[in-house]
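> Structure incoming, see below.
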Amino acid sequence: MQTTRVLLKNVDDVNIPEEIYWCVYVLRCRGNYLYTGLTNNLEKRLRDHERGSGSKFVRSRRPFELVRVIPCVTPAEARKLEAALKKMRRSEKMERLGLMFEPIH
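According to the working numbering, the sequence shown is numbered sequentially starting from 3.
Shown next as structure tokens:
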């Protein structure tokens, strides 16, 4: 069984079997914008964003970098978490996710 390594605050090693892998991810885009999305295939989704065939938001704010991945077992859990993060103010989202960084241009 192949696993995917994810980066979480205060967790050193988390391996999620791909068969049950759903995640919410956060990208930092040009202009220091944050984009929150969900997927069950992170590598493919990131390739889509890189090629410009992902979201219009990211396409217009490249380059981007992956700053956080949060594993979820079910799509419903991922949707609920994504919705909660998208409702947060930027400052609250950064605090909750432990994000601190300098702007990229």
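Positions of the beta carbon are idealized from the N, C-alpha and C atoms, including for glycine. Keep in mind that this is a model prediction, so the values were computed, not measured.
How many Å lie between residue 55 and residue 78 at the Cα?
Roughly 24 Å between the two C-alpha positions.
> Could you check the C-alpha separation between residue 80 and residue 74 for me, to the nearest Å?
Cα to Cα, residue 80 sits roughly 6 Å from residue 74.
> Does DSSP put residue 30 in a helix, in a strand, or in coil?
Of the three classes helix, strand and coil, the one that applies to residue 30 here is strand, per DSSP.
> What residue range does the beta strand (DSSP E) around residue 40 cover?
Segment 35-41, the beta strand (DSSP E) holding residue 40.
> Are the C-beta atoms of residue 78 and some chain C residue less than 8 Å apart?
Among the protein chains of the structure shown there is no chain C, as only one such chain exists.
> What residues in its chain sit with their C-beta under 7 Å from that of residue 68, if we drop five residues either side in the sequence?
Excluding sequence neighbours, residue 68 sits near 27, 29 and 48.
> Would you say residue 64 and residue 32 are within 8 Å of each other, going by their C-beta atoms?
It is a contact, given that the beta carbons lie within the stated cut-off.
> I need the DSSP call for residue 60, collapsed to helix, strand or coil.
Correct three-state label for residue 60: helix.
> Using the C-alpha atoms, what's the distance from residue 101 back to residue 59?
Their backbone Cα atoms lie some 20 Å apart in a straight line.
> Determine the extent of the beta strand (DSSP E) in which residue 70 is found, giving its start and end residues.
Note, residue 70: beta strand (DSSP E), 66-74.
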